[in-house]
Structure formats: structure tokens, C-alpha cells
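FYI, the numbering for the sequence shown is 1060 to 2008, going by our numbering.
Beta carbons are placed, not taken as given, at the ideal position from N, Cα and C, and that holds for glycine.
Since we're looking at a predicted model, the values are computed, not measured.
To keep things clear, I will list the structure first and then write my remarks on it.
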Amino acid sequence: MPEGLELRVLGPVAALRDGRPIDLGGARQRALLAALVLAYPHSVSADRLLAQVWHDLDQPKLSSLHVAISKLRDLLSPDRARRADGVLVRDGSRYLLAAERGSVDVARFEELVRLGAEVADSSADGAAAAYLEALSMWRGSPYADIAGSEFTAPEIARLTAMHVEARRSLLEMGLRRERFAEVAAEAEAMTAEHPLDERVWEILVLALYRGGRQSDALAALRRIRAILDDELGIDPGVALRQLEAAVLAQDAALHGQAATPSTEPDLPRASNLPSPRSLLVGRAADIEALAAALCEHPVVTLVGPGGVGKTRLAIEVARRRRDGDGPWMVDLGALTDGALIVPAVASALGLPGVGSAEHLAGVLAGRTMLMILDNCEHVIADAAVLAATLAADCPRVRLLATSREPLEVDGEALHEVSPLAPDEARDLFAARAGGVVPGWTLDEANAATVRTICAELDGIPLGIELATAQLRVLSEQQIADGLGDRFTLLSGGSRSAPPRQRRLADTIDWSYRLLDDEEAGLLRQVAVFADSFDIGGAAAVTGAPSAVASVQPLTALVRRSLLTVLPGTSPRRYRMLQTIKHFAWQRSDSAERELSEARHRTHVLARVNARQSALYGAKSAEVMRELSADQAEHRAALVSALAAGEAHYAMELAGGLYWFWYRMGRIGEGLGFLQSALDAVAADPSPPEQRPFARAMAGVASLTYLTGDRAAASAAARESATAWEAAGDLAEAARLRAWCGYFLSMDGNLDAGLGLVREGAATAHALGSGFAEADARMVLGMLLRNDGRPHEARAELETAIAVAERIGNAWSVSSSTWALMKTAMDAGDVASAMSAARHMQSVLEEDGDVTSWLVLMHTSAAVLAGAGHPVEAAVLAGAVQSLGGRIGFLPEGMDPIDGPREAAAVRDALSAQDYARHTARGAGLDRAQVNALLSGLVGESGKPAVRAR
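Written as C-alpha cells, this is what we have:
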């Protein structure tokens, strides 16, 4: 951090060095600095910076960010060493503002406000000094000159609220220090700025009263009463009303009473809200969102699956409110008839004479209060009638309902309570475990097991709490192992909990019993899906005549929080929590389970077969995404088929998936399923159909090729070609024959191999099969290059690209481009090689390809090493070794001639020590970071940013 540097956002965004302003340039540069300060002291990703600072552009370029960062770095750290980061540190694709806390005004401001709060109880003078210093840093509205940027709005609101709170706290310290005149003057000013802030009015009244100005104190009380009545049509809150009574009575206690309302005030006497038995873990964002929703809507309903924590969250939200009355809580869980709702509410509120919803609304019409209606789902219709009546007739009453489905009344806002995030789930486990086993702590020995337990329980708080209760008698690992029979294991909850919350199974059964037969059947049958599914899948496994026929029962399951909708999916996809899935599957008998599995297999195979041709055409990116979304279903269908003895089905499905597995790097998985299916078919007395068998053997050949086992790949390719011919698909036979020629050439018989490849390309061309021709010509180009005939090789590869582009096959384009990249390397043409790399990179990113992307990065590393960039080359090589190692694929093995040579070029460009250091750095990069590195070297336009040295 350069000495004398100050960064300011409490007002206009500014930077100073030794007290003199630094000219930051235009609005974009100031916004960039603001975004970095906003993230401080944490790092922020390049993608987030682009979205925040270049939000006005549809597709902002990463190069724009790099340029802007470089300029800002030069301005803030002009004296840094060459290639040093200075105050702006880059870590992969993330950026960090490496500044001392004291030099960033907002960090210092927050530190001082916290300090004031920490010392307030022990030293009013110390707290006042901290608040005064904090407030002195305020130069106006935060981020004033870029306040129109969306990304600053939440932070501006937060800091403004903190500023107001600091001013209030300073006034309270003034009361304790008996600076009554000063406090009264400042409080008067604050009430003018914030006329509805009742806490400031309380401070003003106390300052006036203690300063001997009782009549002025009463006048202030009359003013706030009038303001609230005129502006909002409500009476003052409980605290102000009590203060008014004390002033009128000249209560002696006023001289020692400090105005100390907090963000979690003591409840007014008129409330039945239960005190929480334990600390709420997480949910900060939910609490904030619900508080905002209650300001805007008369009815807010928390929906979510059983055990997710809706009631606990509602209580926490209610505790933080400061209404004139309440909050009140009415538990509807024990009711057996919806007609009992109004009597239950009337009893809870102490209104025994009320007999109808309209009567209740008349009584509550003038009250300002929050009421929780807890557990509405089993009396949903009557709860909705009451909510609608109160919303229409009681403008200052707010209803916070908890339910497993919406009330569906006018003015209702829904808030879906989701399972806890992994870190929050872990924290909840730790918090509850400490109460079960004295001295229990989360440490390295149990952290992984705790994460597994929380993930298996879907982050559902009730499940986690029931699991921690078992720590009295079981270890963490025993609990994790026992979750296969979770409904037996997770029982015996708190005796103070409702019966339905003492066992995990009872919590789900509470919702299950509310379903009709059709809805319950759908729940049991869609439990066959391993992950998410769409409405077509639901119709398929239930045997519905059409997808439309499944809409109504599917909607019911979503409304009752037994299924969740995956946001942003089109067509919509649905997912069931694992715990609900276990419950539903246990409710199925063996015949229903077998039927569901059989229908599931039929559905999965139909989806894969329907996408076969599109995998090799212009829609390959879309199909790859669809198949990626269905991966869990592929595995489940293959496992169930092999278990059910459906060998031919397994072979057909595995064969249909081989090209997807090839491109996604699922080598071990694909070969495992293919071999298991083929072994099962070999043991079956029925001979295989030729087409599915040919495709399965093509899969074995392709995936084995990636492992580097040329002999096995060659044998499988020959068997596949023969089967394709028998099936009558001469184009696929020609393509596989071309690959047989490649393997033959790699084994030293170049002339015979070239003959087979030429024959395959000519046959494919004559048959009009674009994919087969492009693939065969790509192989031909590679072999001609290996034979030292670069001009012929280039011509064949360019023809292959033209054919592939004509049919929209992006993979064939990228593969032939890779071979062209190698011919450019042979000629020492770094610019052409890097331009080809950039083109290939963009094509592969669109499809999400893995194996060809790794091959590209491996070859690009060799190009960089030859161009005089050995450090970047080693970083890329380290990333390839790490990312490829995770899927069992290393380009060196697949590319027997060039692969080892390219690896050696990178390795030999550095000393052994430097090579190890930089490859280790690359091993820590993810795909996005590797792409950013190569893009920065190549350039956004494909124009290389590196030159041979």
C-alpha cells in the first residue's frame, strides 16, 4: 500500500495521496474504484466487476476491465516495481484492494461505530468520542457521484442507516453525559430530517425534560402524535406512549431513564410471542427481505417444506418489530377444523366474545400490530378467508403466515424459505451439537462427516437438529452411515416440540396426508428421478396421456412445497429434496417401484435418442446442456437396467451417450457402463441388434482412444465398422474405417493407413454425410502433416472445416482447427497458431467441451513456450495436468507423437525448480481462470498479444 494514500466513498468517490486529490478520470474509473471498495477487504471476481461497472453494455469485454484496472493501478501505485501489483492485487480472475483499513474511509467509519457500541456501557465519553470521529468522516451521501449505479444502492442504504444510528447513539451518550441542551438542539435537527423516527423523538423529549423544559417536552410529544396521525394515520408506539404518561406524571424515574431502544426491543406487555429456545443460525437475508415485505404487503406467507424453519424465522422477524400492539402468535397446527380458526385467534388475543372473521376485523381495525398465523396448510381455505378479511378491513394489521402452500389472497407476498446453505447448515449442526455434548467442537476430524450429514439432510434445520440429538449415543460417522434409514434414526426430538416435529417422517407425513390420491401417486412415482425433471418426465413416469394432464397434480406438489421449481429453467424443471424422496419411495410398494423404474428407463432412452442427430449439428451446444442436466437420470437408468437384467437396453443407452461422455471427459464412467452393458449382452442368449451394438463399440473405440490404449481402440473401431456395415449405415462405417487407418498409421504402416482414410473420406463424401466426411478429412490432414506434407495437410483440414461449418458441427471445426494450429507451429507461425487457439477456444466454450479444451490448452502451452513465454506455458501445463487428472485424461496419452513432444517443450523452457513452481500455480486455477489467461495472451479479437522472441 503506497504511503499517504486515502480512499474515500463517504461522499463523492475520491482518492488522495498526501492530502492531494488524484485525478481518477471519468465515471467508469470512479465506478471501478467504488466496486473494489465495496468488496473491501475481500476480493471480487472479474465477472462481477464487469457486471457492476459496465452494466450499460450487453456484452462487456474482459479486455476493457484489464485496461481499466491497469490505469487505476498506475494512478494509485505509480511508484510500484515493474510487474508488481501495487494496491490492486490480481489473484487469478479476482481482484483485491490491498489497502490498510485506516486508509479506507468507510472501513474506518464502520470500525469507529463498532468501537462506540462496544465501549458505550463502560464509557459514555469514550463512545461519544468514537461516534464523533466517525461522523466527522461523512462528506455527504456515500458514493455520491455514482449513486445512480445499481450495485451501490444497497450499500448506500446500509451506510446511511448506520450514519443515522451513529447520530442517535451519540445523542444517547449526550444524555448520559448530561449535555441536555446540545442533545435537544441536535435532536430537533434530526426530527426535522427524520420526522417519523420515534426513537429520536424519545431522545428529544428526554433531553428537554431533563433540561428543565417540561412544557417543551410535552409540546414535542404532541407534535409527533400529530405527525404520525397526519402522515400514517397511526398512534405513537408503546415506548412514546409510556414516555408521554411519565412526563405528564412527572415521574422521578425520567431523570435516570436513558433512551435505549435496540434493534431487538423488549416486547410490549400485550404479546404472546414465545421466547426462542435457541439462537437462530443464518437467515439474515430472509429476515431483511421479510421486514421489507411487511412494509409493503398486508399478508406475507412463508412457504417451504416441513422442517425448513418457517416458524422459527417468523418468530425472529416478529421479535424485531416495534408495533403499537403485539406481536401475536396463533398456532393453527392443532386445529382439526378450519371453522375453529377465528375462535383460536380470538382466544390468543384475549377477545373471547368474537365469533366471526368480520367481527374480529371490526375489533382490530384501529390497532397497529403483527399477527403470526402458524401452520396454515391443513386449514388453508379458512385461513385464506380470515387473511383476506383482515387485509381488507384492518389497514394497520400485518399478517405473517407460515404454510407449506400459499394462501392465494389479494395483497399476499410469498417468501420461500429455502434449506440452509452448506456453511449455515454446518454452523447449525455445530451450535446444536455443543448443546447436546458438552465440549463438542467442529474440527478437522469431524468437519467432512458433518458436511456429509448436512448435505444428505438437504440443509433442513429440523433434520439437522434431530441428527445432532443422536450425538448422545452415536458418533458423527455412525449418524452419517445411518441416514440410509433416516426415518428410523431421526426420531426422539424435543418433548416441547409439536408431535409432528419429533420425528422426521412425521413432519413429511403431515404434508403427505393433505394430498389426494392422484397427487400422492405422482409424488411416489416422480421420486424415481435421481435429480431434476420436467413436466414431460412427470407425465412419462406416471403414464399420463399427455404432459398437460400432469399440470394440476404437479402444481399441487409445488404449492405444498413437496417439489421445488428450479429458477431460470425453460422448460421448467422440478426437484425433490432427498429426504422427501426417501419418504415417497418408502410409501411405494414393490410393484409400483418396478413400474416407475421401467417408465423412467423408457423416458430416459427416448430423450437420449431424440437428441442423437442434433449432437452432431448446429444445436450441439443446446443438446450438450440438456444432456448435462439429465446426467443423474442417465446413471440411474443404466444402474436400474443392469440390476433388472435389461442388458440390451443398457447397451443402447450407453451407446447413445458415448459422444456426450467423450466430449465431457466422462471417460471412466462411460467405459465402465459400456463394458458392463456389452458383457451383459454377451451373456444374454438374444443376439444384439447391429445398430445399437455398432454405436456402443464406436463408444468403446472413442473413449479408449482418449486413454492412450491404441491397440484396444483400434480393435473396437474395427468391430464397430463391421457392425455399421451390417446395419446398413455405410457412412458411419466409413468414418470408423478412417479411424482404423489412423491407428494403423500410428503403428508404423502409414501408406496402408492413408489408403483407408482416403477411402473413408471419399465414401462419406459420396454418401453426403457431412459429419463422417469432416471427421475423416480431419484424420487425413493429421496423417499428411505427420508425413511431412504440410500443404496437402492444410488443404484437407480447410476442406474439413468447410464441410463441418456447412452442417454446423462445432466440434469438427475445432478439431480440424487444432490440427491447423499444429501445422502453423511446425512453420514457426506463432501468430497463426495463437489465432487458431482463440478461435478454437470460443467454439469449445459454447459447447462446454472438456476433452478438446484440455487438448487445446496443452498445445497452446507448447506454442507459448516456443514464443518465449515459458512462465505462462508452465502455468497452462499445470492447469491441464490438474484439471485433466480429475477426469483421468491427459492429452499426452491421446496424442502419442506430438503430446510428449509438446510437454517436453514446456518443461525444457524452464529450470526444474521454476517449472515445478509455475505448474503448481497453474494447478490451482479453475477453467474460467485458465480461459482468462489464454484470452489475455491471445487477445479478444483473435489477434495474438504475444510474439515470438
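Asked	Found
Contact under 9 Å by Cβ, H1659 with A1603	no
Touching by the beta-carbon criterion (3+ pairs, under 8 Å), the segment 1576–1594 and the segment 1684–1704	yes
Under the three-state DSSP convention, the category R1652 falls into	helix
Integer Cβ distance of E1728 from W1720, believed to fall under 8 Å	7 Å
G1385 - containing beta strand (DSSP E), residue span	D1384 to D1390
P1071, DSSP secondary structure in three states	coil
Rounded distance between the beta-carbons of I1523 and Q1529, thought under 8 Å	In fact, because the Cβ distance is near 11 Å, the residues do not count as touching under 8 Å.
V1247 to G1409 span [Cα, whole Å]	Checking the displayed sequence, the identity of residue 1247 turns out to be Glu instead of Val. If I take the Cα positions, the gap works out to 40 Å.
Reduced DSSP secondary structure (H/G/I, E/B, other) of M1196	coil
CB contact flag (L1229, Y1190, <9 Å)	yes
Opening and closing residue of the alpha helix (DSSP H) in which V1617 lies	V1610 to R1618
V1496 versus V1367, L1516, H1693 and R1531, residue with shortest Cα-Cα distance	R1531
Length of the line joining the Cα atoms of A1166 and V1264	33 Å
Anticipated Cβ contact below 8 Å, I2097 with P1478, distance rounded	Given a span of 1060 to 2008 for the chain in the structure shown, any question on residue 2097 remains unanswerable.
Opposing strand residues paired with T1360 [DSSP bridges]	A1460 and L1473
Identity of the residues DSSP links to P1080 by a beta bridge	L1075
DSSP three-state assignment for R1960, whether helix, strand or coil	helix
When P1137, G1925, R1236 and L1147 are compared against A1179, the one with the closest alpha-carbon	R1236
Option in G1270, H1917, I1283 and A1936 with minimal Cα separation from D1954	H1917
Beta-carbon spacing of E1303, L1287 below 9 Å	no
Rounded C-alpha distance that separates R1722 from A1869	12 Å
For A1833, the nearest candidate out of S1873, N1845, R1960 and F1488 (CA to CA)	S1873
Every unbroken alpha helix (DSSP H) inside the segment 1656–1702 [4 residues or more]	1679–1688 and 1690–1702
Residue range of the unbroken beta strand (DSSP E) whose run includes M1428	M1428 to D1433
9 Å Cβ cutoff met for A1489 and W1499	yes
Contact set for K1369: own chain, Cβ-Cβ below 7 Å, skip 5 residues either direction	L1361, G1363, T1461 and V1476
Reduced DSSP secondary structure (H/G/I, E/B, other) of E1065	strand
Unbroken stretches of the alpha helix (DSSP H), 4 residues or longer, contained in the segment 1856–1915	1869–1885 and 1889–1906
Residue range of the unbroken beta strand (DSSP E) whose run includes D1150	L1147 to D1150
CB contact below 9 Å: T1527 versus chain C	Considering every chain present, this structure includes no chain C. It has just one protein chain.
Where the alpha helix (DSSP H) through R1945 begins and ends	P1929 to I1946
Local Cβ density within 10 Å of R1079, reported as buried at 16 or more and exposed below that	exposed
Buried versus exposed, by CB contacts within 10 Å (16 or more), R1173	exposed
Beta bridge counterpart(s) of L1156 as assigned by DSSP	L1147
Beta-carbon gap between P1357 and V1456 smaller than 9 Å	yes
Beta-carbon proximity check, E1905 vs R1619, cutoff 9 Å	no
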